[in-house]
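Undergrad: Counting the sequence shown from 1 gives a position; this note's numbering is that position plus 13.
Submitted below is the structure of interest, expressed as structure tokens.
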Amino acid sequence: ALEGLSVAGLARTRVAKSVHDAGWSILTRLIKDKAAEHGRVVHTIGRWEPTSQVCACCGVRDGAKPLDVREWVCPSCGVVLDRDYNAAVNVMLAAGLVERVNACGGSVRRVLACADPVKQEPAEQTLPDGEAA
14 ALEGLSVAGL ARTRVAKSVH DAGWSILTRL IKDKAAEHGR VVHTIGRWEP
64 TSQVCACCGV RDGAKPLDVR EWVCPSCGVV LDRDYNAAVN VMLAAGLVER
114 VNACGGSVRR VLACADPVKQ EPAEQTLPDG EAA
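Pasting the structure below:
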């Protein structure tokens, strides 16, 4: 799954050099070509999905952060994740590549194996609508 970015829009920001160096358009084209060659489908999510603002473990939205903040620290469940890893899991969730219903029809939020850094035990997973997973 890929995030649909506006390369032209990013080129007008302070990360312009990084965007052009990365060659995002070429990379996405190559990924889609290779996927088609191997019978795979590449999902693209909308550019306005808050992938770097939502906790991949509990779904709490914490708001925008400056680019120099490289760790995601959830104010709700306390999990500490790399910012890019957290966003990558959220991209998969937004693309629908993660199961949300189990075999019995119950809702699940299948994401990371999250741990409470204080207890060092698995943290209770909570769905965005308040149900325990």
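All residues carry an ideal CB built from backbone N, CA and C; glycine is no exception.
Remember, it's a predicted structure, so these values are computed and weren't measured experimentally.
State the Cα-Cα distance for the pair L40 and P79, rounded to the nearest angstrom.
TA: The sequence position of residue 40 within the sequence shown is 27, counting from 1. The sequence position of residue 79 within the sequence shown is 66, counting from 1. The straight-line gap from Cα to Cα measures roughly 25 Å.
Undergrad: Quick check on V73: does DSSP put it in helix, strand or coil?
TA: Sequence index remark: in the sequence shown, residue 73 carries index 60 (1-based). Correct three-state label for V73: coil.
Undergrad: Can you list, in chain order, the residues of its chain with a C-beta nearer than 6 Å to that of E16? Leave out the 5 residues immediately preceding and following it.
TA: Residue mapping note: residue 16 aligns to position 3 of the sequence shown, counting from 1. Correct list, in chain order: I58 and V104.
Undergrad: Could you spell out the range, first to last residue, of the beta strand (DSSP E) harbouring L94?
TA: On the sequence shown, residue 94 is found 81 positions in, with the first residue counted as 1. From DSSP, the beta strand (DSSP E) with L94 extends over V93 to D95.
Undergrad: Is L94 closer than 9 Å to A14 when the C-beta atoms are compared?
TA: In the sequence shown, the residue the question calls residue 14 occupies position 1. In the sequence shown, the residue the question calls residue 94 occupies position 81. No.
Undergrad: Could you tell me the distance, in whole angstroms, from the CA atom of A48 to the CA atom of V54?
TA: Position 35 of the sequence shown, counting from 1, holds the residue named residue 48. Position 41 of the sequence shown, counting from 1, holds the residue named residue 54. Looking at the two C-alpha atoms, the distance is approximately 6 Å.
Undergrad: Would you give the residue range spanned by the alpha helix (DSSP H) that E62 belongs to?
TA: To locate residue 62, count along the sequence shown from 1; it is residue 49. First-last for E62: undefined, no H or E at that position.
Undergrad: Would you tell me roughly how many angstroms separate the C-alpha atoms of C87 and A100, rounded to the nearest one?
TA: Looking up residue 87 in the sequence shown gives position 74. Looking up residue 100 in the sequence shown gives position 87. Cα to Cα, the separation comes out at about 13 Å.
Undergrad: If you count every other CB in all the chains shown that lies within 10 Å of the CB of L106, and 16 or more means buried, which is it?
TA: One-based indexing of the sequence shown puts residue 106 at position 93. It is buried - the Cβ of L106 has at least 16 other Cβ atoms within 10 Å.
Undergrad: Please classify L110: does DSSP put it in a helix, a strand, or coil?
TA: Start at 1 with the first residue of the sequence shown, and residue 110 comes out as number 97. L110 falls in the coil class under three-state DSSP.
Undergrad: Is L80 helix, strand or coil when you go by DSSP?
TA: In the sequence shown, the residue the question calls residue 80 occupies position 67. Coil.
Undergrad: Which two residues bound the contiguous alpha helix (DSSP H) that contains R42?
TA: Residue mapping note: residue 42 aligns to position 29 of the sequence shown, counting from 1. W37 to E50 is the extent of the alpha helix (DSSP H) around R42.
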